[in-house]
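A short write-up of the structure that comes next.
In my numbering, the protein residues as written are 3 to 385.
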């Protein structure tokens, strides 16, 4: 059966973070990275089957899920991992904090490239570590700033961890293997552990291929903790399941120590949904990528006619990164909310003058949101 991504499903009143934020308001929410598509039928069926058993107690990691993860990594990336290299966790964001707590000593520091997903900017402070940032620019195509990283790593020996967003959120770039190799070289030279957040790695558009950082070489595998999840690709964020991959036993031990006493169990239903998504939903996934690419193209076409706004090519994710500096707004998020569209303010990603738009929605919802934005921009530029 062909997946239906065009049907608009009413999520209001379901305690949806995305939709109920604007409860009672005529605002289309296009902010948080949460799609408005029904989960694949195979996932729903697997959940229903599990719910037939009426006890929902503590659950150990299913051997079948471990096997599915191993098979998927090998099939998609030619990357072989052992069961002991895998640690199931309730989410990528808590795992990032856990990595910092376990890997970076007090007095040590973390580095990341910006603009970037907000929890990257918060985690070091939460864990009492220092944060350094590397500036990426639109003029440079949002390329990872390798030269700046090399200089900073030499200047700041206290840096012990690189938080790498791969592919990049919010700018939607895919980091090519040649650049990954340069990043790895710097990290090896200065003994910097790499935390590679690859939660969007199955959302590469136009046939692009993801290269996991750890799959580059044995040296890369030894230096990297990778984070992946089915949640973004299959719209399962509320079920709380992700996987940390570390092929260096010492690094895995540090990671586990970082979560001691604070990391929660994975949701029982999260295991079920993840296993079904990663083993039975390839056709759904391929259809999704085609639909998202068409939505991305529509976004680019419409923004080209939107005064004061521009957008680059999203290579991965379902997130558009729009430049709005020409509108001369003191509060971009508030401006578009007043126009009836809820977006993410670029400032939260360390990207002032930009907004992030989630185009992972039925096409007519996207068209409606873009029409509201254009009307507001037309009026703004006439002032």
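Virtual Cβ for every residue (Gly too), placed ideally from N, Cα, C.
Only a predicted model underlies this, so the values are computations on that prediction, with no experimental measurement involved.
Item                                                                                                                  : Value
Alpha-carbon to alpha-carbon, residue 125 and residue 148                                                             : 23 Å
Own chain, CB closer than 7 Å to residue 131, minus 5 neighbours either side, in chain order                          : 102, 106, 110, 111, 112
Contact belief for residue 379 with residue 334 at Cβ below 8 Å, rounded distance in angstroms                        : Going by Cβ atoms, the distance from residue 379 to residue 334 rounds to 11 Å, so no, they are not a contact pair.
Residue from 349, 197, 359 with nearest C-alpha to residue 223                                                        : 197
Close-in-space but distant-in-sequence residues of the same chain around residue 9 (CB under 7 Å, 5 per side omitted) : 364
Under 8 Å between C-beta atoms of residue 234 and residue 271                                                         : no
Minimum C-alpha distance to residue 68 - residue among 137, 236, 274                                                  : 274
Residue 159 burial status per 10 Å Cβ neighbour count (16 or more: buried)                                            : exposed
CA-to-CA distance, residue 34 to residue 338, given in whole angstroms                                                : 15 Å
At least 3 beta-carbon pairs within less than 8 Å: the segment 351 to 370 vs the segment 24 to 42                     : yes
The beta strand (DSSP E) enclosing residue 323, as first and last residue numbers                                     : 321 to 325
Outcome for residue 220 when other beta-carbon atoms lying within 10 angstroms are tallied against a minimum of 16    : exposed
Start-to-end residues for the alpha helix (DSSP H) that takes in residue 303                                          : 284 to 305
Identified DSSP bridge partners for residue 48                                                                        : In the DSSP output, where bridge partners are listed per residue, residue 48 has none listed.
CA-to-CA distance, residue 57 to residue 179, given in whole angstroms                                                : 46 Å
Residue 3 burial status per 10 Å Cβ neighbour count (16 or more: buried)                                              : exposed
Per DSSP, cross-strand counterpart(s) of residue 347                                                                  : 357
Burial state of residue 128 (16 or more Cβ within 10 Å)                                                               : exposed
Member of 213, 276, 208, 192 whose CA lies at the smallest distance from the CA of residue 181                        : 213
CB contact flag (residue 388, residue 92, <8 Å)                                                                       : Residue 388 lies beyond the residue range present for the chain, which begins at 3 and ends at 385; the question has no answer from this structure.
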